[in-house]
Amino acid sequence: MTHEQQDELEQVALRVREHIVRMSTNGGCFIGASLSCADLLVYLYWRFLNISPETVNDEDRDVLLLSKGHDVPALYGVLAERGFISKERLAHHLSVEDIIYWHPNRGVSGVEFHSGSLGHLLSVGMGMALDARMKGLPTRVVVILGDGELNEGSVWEACLVASALSIDNLVAIVDRNHFQANLRTEDLIPLEPLSEKFRAFGWDAMHVNGHDMRSLDKCFGSLQLNTGRPTVVIADTRRGKGLPSIEEQADRWFCNFSADETDALLDELNGNARATITSERLIVR
Amino acid sequence: MNAYETLLLDTAARDERLVVITAENRGHMRTVPPMLGDRFIDVGIAEQTMIGMAAGMAVRGRVVVTHALAAFLTMRAFEFIRDDVAISNAPVIMVGMVPGILSDGNGPTHQAIEDVSIMRGLPNVNVFCPCDEREFIDGMRVLLDSHAPWYVRYLSTPELPIDRVAFEPGRATVVRGAALHRPNVTILTYGFLTRQCIEAADQLGRDDIHVRVVNMRSLKPVDTEAILHAVATSELVVTAEDHLLTGGLASIVAETLMIHGKGAPVLTIGFPTWFRPGRLNEVLEYERLSSSAIAQRIRQRLADIVHPPAEPPSHHHEVSHA
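If you're matching them up, the sequences are chains A and B in order. For what it's worth, my numbering labels the leading residue of the first sequence as 831, then goes sequentially. For what it's worth, my numbering labels the leading residue of the second sequence as 42, then goes sequentially.
Structure representation (structure tokens):
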């Protein structure tokens, strides 16, 4: 990856974060998880996934699924920047006139499946991957899992089955931001050693810095598919990445900021002074 | 090779979209795995994964038959059916083995007697409860081309001696007493108990009680006209099902009558709670679902209509305000 390419992706990621911040007012959104996977999604949609607005309905397209679901503002930001949907549409977040809300709806162009309940889309993605394999298509299926989502037994059930069925056109990515809704994962249901868990289930496991484009490029560039084993990429990330005023704060999971706060956060995002946030903490959704 | 295996293999041969997935319930389809190759998938004892995978395949253009024990298919995987199949409106045909009374000696964990209730409660999901193997096969042919999600109570029992009408969702058939202009009793039923209801009708006929038996076949969509016709023409309407009395056919009839502003003397035959496990014939007797028990319950209900029982003793107590 050249420095120019890296710069370009970082600029896109910045714009995606701006979209996310704009969606965190007037009803709010799950901003923490959206910011943690923003770089990851930008990298995948610009450098890895074989999908574009022109090929969104092609049978051999690659598929990305957001299993944890409430990081969808990041996906909507990416889809808008990539041209799947119009940027104007993001202003309709939470409007009943559109279908852009706190979880993905596959009625939106570029969204392959809806989610919201945790622990579903690994198995849905396995079905899609097997379908492609049966048809002899080069389709790769990428499923983004939250680390908190790994509490769900259905994820591990699916891991067992994916390994048994040798689904090797499947890549699970754990957005390892170390938080679940209210707490650090390791303080509630510890996951470590996480890669060893996946390996014990018959998966190949890789680690990556989920905020560094060069690291992502190196990881996904070296990804070996069609090995007979599914692959997991554990992406080390930070919840709320890009906004020091909320980053890694347990009670900044779901946020509903005032318009003034989002203005200040947009400044903060662009390297200016930290925003002063007085909004209610720990809103439970 | 049984009729189900033949159906699956014939369908697979003419429709390349078909995939069959089981959660390690191969007993009724042993010849299918080697014949279907990679279009047969056994996920092991993992009903949630089975349903999630089926939904993923179905939204990519496949028609998927999932086959598992009815209790675990509908209840272990319920949220996956709701979220991944129903919300997607994906063509997944969910076939539940040993539904209703057929779990006989397994005990309450295996008793799918809430299945019709919870499956019909989901938007987009339809429910088919055949009365014998032949009806199962005839209906499945229609379902496989329906592009809709279906829950099916699997039944492989021998062919009943009834007139056949081509399966159509939402269309019931009269399986006894079609010629009766005004039967004394109409029994609305489905599935395994259809045989018991036909035999009960024959027994009652010998006592000059004229009974029509209606096989509902599809519980959703349901044949509203058949229910309203039963109410309009009979002195007594009976629902008979190997299902809880909540949420199944008894509830469907109640909902239908309420919506249409109708009332009728009814007798609801079904389970008030989980049934006593045991050998099937003994369970039928114990739970008063055998043909003679059904006939007896109908005789009693008719007698109560003609001579209403005395008011039950009052349970009200004087409340003293000290």
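All C-beta atoms in this analysis are idealised placements derived from N, C-alpha and C, irrespective of residue type, glycine included.
Kindly indicate if chain D contains any beta-carbon less than 8 Å away from that of residue i.
i	result
E1091 of chain A	The structure shown contains no chain D; its protein chains are A and B.
Which residues in the same chain as residue i place their Cβ atom closer than 7 Å to its Cβ, once the five residues preceding and following it in sequence are excluded?
i	result
C1049 of chain A	M1036, V1038, V1063
D173 of chain B	L196, T198, P199, E200, L201
A281 of chain B	I228, T230, L234, C238, I310, I335
K891 of chain A	Looking at the sequence shown, residue 891 of chain A is not Lys but Arg. Closer than 7 Å at the Cβ level, and outside the excluded window around R891 of chain A, lie N880, I881, T885, T969.
E911 of chain A	V842, R845, V846
N1100 of chain A	none
A988 of chain A	L952, S953, M956
Would you please verify whether the beta carbon of residue i is less than 8 Å from any beta carbon of chain A?
i	result
V166 of chain B	no
F81 of chain B	no
R30 of chain B	In the structure as shown, chain B begins at 42 and stops at 363. Residue 30 of chain B is therefore absent and cannot be evaluated.
D124 of chain B	yes
F121 of chain B	yes
A295 of chain B	no
A87 of chain B	yes
A95 of chain B	yes
V84 of chain B	yes
A90 of chain B	For the sequence presented, residue 90 of chain B should be read as Thr rather than Ala. Yes, T90 of chain B counts as interfacial toward chain A.
M98 of chain B	yes
Using DSSP's beta-bridge definition, name the partner residues of residue i.
i	result
A109 of chain B	B:G137
A1002 of chain A	A:V973, A:V1062
A1035 of chain A	A:V1062
Y192 of chain B	B:M135, B:V168
K261 of chain B	B:V168
T214 of chain B	B:N256
R1014 of chain A	A:F1009
A281 of chain B	B:T230, B:I310
V893 of chain A	A:V971
L185 of chain B	Bridge partners of L185 of chain B: none, in fact.
T63 of chain B	B:D83, B:H108
F1087 of chain A	A:T855
Only counting the same chain, and skipping five residues up and downstream in sequence, which positions put a Cβ closer than 6 Å to that of residue i?
i	result
I122 of chain B	I92
R103 of chain B	R58, V60
N981 of chain A	I1019
D179 of chain B	F208
M964 of chain A	none
S984 of chain A	G949
S361 of chain B	Interpretation of S361 of chain B is limited by its pLDDT of 48, a score under 50 that renders its predicted location unreliable; no figure is taken from the coordinates.
V971 of chain A	V893, G955, M958, A959, L1000
Does chain B have any CB closer than 8 Å to the CB of residue i?
i	result
D961 of chain A	yes
W958 of chain A	In the sequence as displayed, the identity of residue 958 of chain A is Met instead of Trp. Yes - at least one Cβ of chain B is within 8 Å of the one on M958 of chain A.
G955 of chain A	yes
M853 of chain A	no
A831 of chain A	This sequence places Met at residue 831 of chain A; Ala is not what is there. No, M831 of chain A does not count as interfacial toward chain B.
Sorted by chain position, which residues of the same chain lie with C-beta nearer than 8 Å to residue i's C-beta, five sequence neighbours on each side aside?
i	result
N130 of chain B	N165, A189, P190
Y873 of chain A	L839, M1043, L1046, D1047, F1050
P74 of chain B	R67, F81, D83
G937 of chain A	I929
T1092 of chain A	V851, R852, S854, T855
R342 of chain B	L277, V279, P306, L308
How do the stretch 854–872 of chain A and the stretch 1083–1094 of chain A stand: do at least 3 beta-carbon pairs fall below 8 Å, yes or no?
-> yes
The stretch 255–264 of chain B touching the stretch 324–333 of chain B, judged by at least three CB pairs closer than 8 Å = No, the stretch 255–264 of chain B is not in contact with the stretch 324–333 of chain B.
If contact means a Cβ-Cβ distance below 8 Å, which residues of the stretch 980–1002 of chain A contact chain B?
-> Listed by position, the residues of the stretch 980–1002 of chain A near chain B (Cβ gap below 8 Å) are S984, E987, A988, L990, V991, A994, L995.
Just by C-beta distance, which residues in the stretch 935–952 of chain A are closer than 9 Å to chain B?
-> R936, E942, F943, H944, S945, G946, S947, G949, H950, L951, L952
Does the stretch 146–158 of chain B touch the stretch 275–289 of chain B, meaning 3 or more C-beta pairs lie closer than 8 Å?
-> In short, these stretches touch, since the Cβ pair count reaches three.
Can at least three beta-carbon pairs, one atom from the stretch 831–851 of chain A and one from the stretch 902–914 of chain A, be found at a separation below 8 Å?
-> The stretch 831–851 of chain A vs the stretch 902–914 of chain A: in contact.
Which of the residues in the stretch 1043–1064 of chain A, read from start to end, lie with their CB under 8 Å from any CB of chain B?
-> Within the stretch 1043–1064 of chain A, contact with chain B at the beta-carbon level (separation under 8 Å) is assigned to no residue.
What residues in the stretch 129–143 of chain B bring their beta carbon closer than 9 Å to a beta carbon of chain A?
-> S129
Give, in chain order, every residue of the stretch 962–978 of chain A whose Cβ lies closer than 8 Å to some Cβ of chain B.
-> A962, R963, M964
Are at least three pairs of beta-carbons, each pair with one atom in the stretch 971–985 of chain A and one in the stretch 935–951 of chain A, less than 8 Å apart?
-> Yes, the stretch 971–985 of chain A is in contact with the stretch 935–951 of chain A.
Decide if the stretch 887–901 of chain A is in contact with the stretch 856–872 of chain A; the criterion is three or more beta carbon pairs, one per stretch, under 8 Å apart.
-> yes
For the stretch 142–152 of chain B and the stretch 315–327 of chain B, state whether three or more C-beta atom pairs, one from each stretch, are separated by less than 8 Å.
-> Yes, since at least three Cβ pairs between the stretch 142–152 of chain B and the stretch 315–327 of chain B fall closer than 8 Å, the two stretches touch.
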